[in-house]
Amino acid sequence: MEEKILVTRSSMPPLEEFIKEIEPLWESHFLTNMGEKHKCLETELKKYLGVSDISLMVNGHLALELAIQAMNLSGEVITTPYTFASTTHAIVRNGLTPVFCDIDEKTFTIDADKIEGLITEKTSAIIPVHVYGNICDVEKIQEIADRYNLKVIYDAAHAFGEEYNGIGVGNFGDASMFSFHATKVFNTIEGGAVTFKDSDFGLDLYRLKNFGIRGTERVDYVGTNAKMNEFQAAMGLCNLRHITEEIEKRRIVYEQYVSRLSCVKGIRFMELQNNVKSNYAYFPVIFNESKCGVSRDRIHVALADENIISRKYFYPITNSFECYQDRFDANETPIALDISKRVLTLPIYADLDLGVVDKICDIILNECKQ
Ligand code: T4K
Numbered sequence: 013m014e015e016k017i018l019v020t021r022s023s024m025p026p027l028e029e030f031i032k033e034i035e036p037l038w039e040s041h042f043l044t045n046m047g048e049k050h051k052c053l054e055t056e057l058k059k060y061l062g063v064s065d066i067s068l069m070v071n072g073h074l075a076l077e078l079a080i081q082a083m084n085l086s087g088e089v090i091t092t093p094y095t096f097a098s099t100t101h102a103i104v105r106n107g108l109t110p111v112f113c114d115i116d117e118k119t120f121t122i123d124a125d126k127i128e129g130l131i132t133e134k135t136s137a138i139i140p141v142h143v144y145g146n147i148c149d150v151e152k153i154q155e156i157a158d159r160y161n162l163k164v165i166y167d168a169a170h171a172f173g174e175e176y177n178g179i180g181v182g183n184f185g186d187a188s189m190f191s192f193h194a195t196k197v198f199n200t201i202e203g204g205a206v207t208f209k210d211s212d213f214g215l216d217l218y219r220l221k222n223f224g225i226r227g228t229e230r231v232d233y234v235g236t237n238a239k240m241n242e243f244q245a246a247m248g249l250c251n252l253r254h255i256t257e258e259i260e261k262r263r264i265v266y267e268q269y270v271s272r273l274s275c276v277k278g279i280r281f282m283e284l285q286n287n288v289k290s291n292y293a294y295f296p297v298i299f300n301e302s303k304c305g306v307s308r309d310r311i312h313v314a315l316a317d318e319n320i321i322s323r324k325y326f327y328p329i330t331n332s333f334e335c336y337q338d339r340f341d342a343n344e345t346p347i348a349l350d351i352s353k354r355v356l357t358l359p360i361y362a363d364l365d366l367g368v369v370d371k372i373c374d375i376i377l378n379e380c381k382q
């Protein structure tokens, strides 16, 4: 049977390189709790991301949960429903109320022009998402946050290594969360991090990810265990050595899609933003059935029939999840709702064969029959 093509495939270093990286662990017997590999990865990531501080975590979700907790927020948080479950859950699991703002049709990120109308006396923060690696309107968001004295935490799960006007994306807002999950541009198997500038906040984060422990005889917070272990950090050190080449290979895949699909009427894809150094994390396509003559769901099935598994990131939107039934109304974010019903993310990863990209485009062109 023909090999299945999935929406992404984890980047992995040569096996010998990973073995060499983990060999010292057999000598030290130190496997976790902020060991040598952990320290080394923090140093390397600070350089690569161009940030002043970073705290590594066991995964991206806990990184976001703890960043919110360490920020001491209360009441309401303005955010987007056009995201992975993690963003909304992290807010709710902190006992906060998400207030959903609609998105910008082109970038799929929070519509900064609609934020101010949602601010109340209870608002304590804005938690936007750099969706698919599209950078939010960081300037406008900061201007609003400053005027209303609000904190800003970016969900930068998709934005590893990106720059806006030459500035590493992890520098915007009060903190940014990155995901290093196996499916991301850069992975530590599972993993994540928070970037920040305030050293007091960093200390709180450090304690929260280690049970709230301060020293060996004192516990300050009801913390959790969100520490990245040495094997994860070793994977990160290896993958980081290859990141430039990996992103370059993604760019070639991205451009092949663009060159083949640009002519199709009634579909549009993510345009690269001016002033942004992209990481080509995802390739979302939005179908306009009345113009291209075929629905998103039909294309999804047509690809699956050929063993090509595309995904509907992000459908459904988080304010329509069953676990939030009766709490939120997805109709209040009509653009996010509409896009979620028309989006399909096509396979993209560094080693994706360009012949497969052509095959995917042929299927779409054939279905659209133009
Ligand atoms: N915020 C945002 C905006 C996010 O997108 C995410 C995660 C988070 C926060 C939370 O970060 P983490 O806590 O995850 O670090 C996947 C990922 O699991 C998830 O990390 C990611 N977003 C989300 C967009 O995609 P699923 O449920 O689609 O995963 P799954 O298992 O169906 O995998 C998708 C495809 O990836 C598979 O078809 C094949 C490939 N794959 C998968 C795994 C597990 C690999 O190539 N290697 C693997 O090890 O959520």
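First residue of the sequence shown? That's 13 in the numbering used here, and the numbers climb one at a time after it.
Even for Gly, the Cβ is constructed at its ideal location relative to N, Cα and C.
The model shown is predicted, which means the values in this text are computed figures rather than measured ones.
Simplified DSSP state of residue i, which is helix, strand or coil
i: Lys126; result: helix
i: Asn343; result: helix
i: Glu117; result: coil
i: Tyr269; result: helix
i: Tyr94; result: coil
i: Gly145; result: helix
i: Ile17; result: strand
i: Ile80; result: helix
i: Gly72; result: helix
i: Ala316; result: helix
i: Gly305; result: coil
i: Cys275; result: coil
i: Thr44; result: coil
i: Leu85; result: coil
i: Thr256; result: helix
i: Glu334; result: helix
Contact test: residue i Cβ vs the ligand T4K heavy atom, cutoff 7 Å
i: Gly204; result: yes
i: Ile321; result: yes
i: Gly72; result: yes
i: Asp167; result: yes
i: Ser67; result: no
i: Val89; result: no
i: Thr92; result: no
i: Tyr327; result: no
i: Ala1; result: Residue numbering for the chain in the displayed model covers 13 to 382; residue 1 lies beyond these limits and cannot be assessed.
i: Val111; result: no
i: Ala194; result: yes
i: Arg21; result: yes
i: Leu76; result: yes
i: His312; result: no
i: Phe333; result: no
i: Ser191; result: yes
i: Thr95; result: yes
i: His170; result: yes
i: Thr99; result: yes
i: Leu358; result: no
i: Val141; result: yes
i: Leu249; result: no
Extent of the continuous alpha helix (DSSP H) run through residue i
i: Ser352; result: Pro346 to Arg354
i: Met247; result: Glu242 to Arg253
i: Phe30; result: Leu27 to Ser40
i: Thr55; result: Glu48 to Leu61
i: Thr100; result: Ala97 to Val104
i: Tyr160; result: Val150 to Tyr160
i: Ile375; result: Leu366 to Cys380
i: Ala194; result: That residue, Ala194, is in no alpha helix (DSSP H); it is neither H nor E in DSSP.
N- and C-terminal bounds of the beta strand (DSSP E) containing residue i
i: Thr91; result: Glu88 to Thr91
i: Ile138; result: Thr135 to Ile139
i: Val164; result: Lys163 to Asp167
i: Val111; result: Thr109 to Phe112
Integer-rounded CB distance, given that residue j should sit under 8 Å from residue i
i: Lys209; j: Asp341; result: Not a contact, Cβ separation roughly 37 Å.
i: Phe42; j: Glu242; result: 7 Å
i: Gly235; j: Arg219; result: 6 Å
i: Asp212; j: Leu76; result: With a Cβ gap of about 19 Å, Asp212 and Leu76 do not count as contacting.
i: Ala124; j: Ile153; result: 5 Å
i: Gly62; j: Phe192; result: Not quite, the Cβ-Cβ distance comes to about 17 Å (not below 8 Å), so this is no contact.
i: Ile34; j: Val89; result: The pair is not a contact, with the Cβ atoms about 39 Å apart (cut-off 8 Å).
i: Phe184; j: Val141; result: Going by Cβ atoms, the distance from Phe184 to Val141 rounds to 13 Å, so no, they are not a contact pair.
i: Ile122; j: Ile156; result: Rounded, the Cβ-Cβ distance is 11 Å, inconsistent with contact.
i: Gly204; j: Phe223; result: Not a contact, Cβ separation roughly 18 Å.
i: Glu379; j: Ala314; result: 5 Å
Residues bridged to residue i [DSSP beta-bridge criterion]
i: Asn286; result: Note: Asn286 sits in no beta bridge, so no partner.
i: Arg280; result: Ile298
i: Asn222; result: Asn237
i: Thr207; result: Ile66 and Ser188
i: Pro328; result: None; Pro328 has no bridge partner.
i: Arg323; result: Thr357
i: Glu175; result: Gly180 and Lys289
i: Val231; result: Ile225
Neighbour flag for residue i against chain B, beta carbons, 8 Å
i: Phe184; result: The structure shown has no chain B; it contains just one protein chain.
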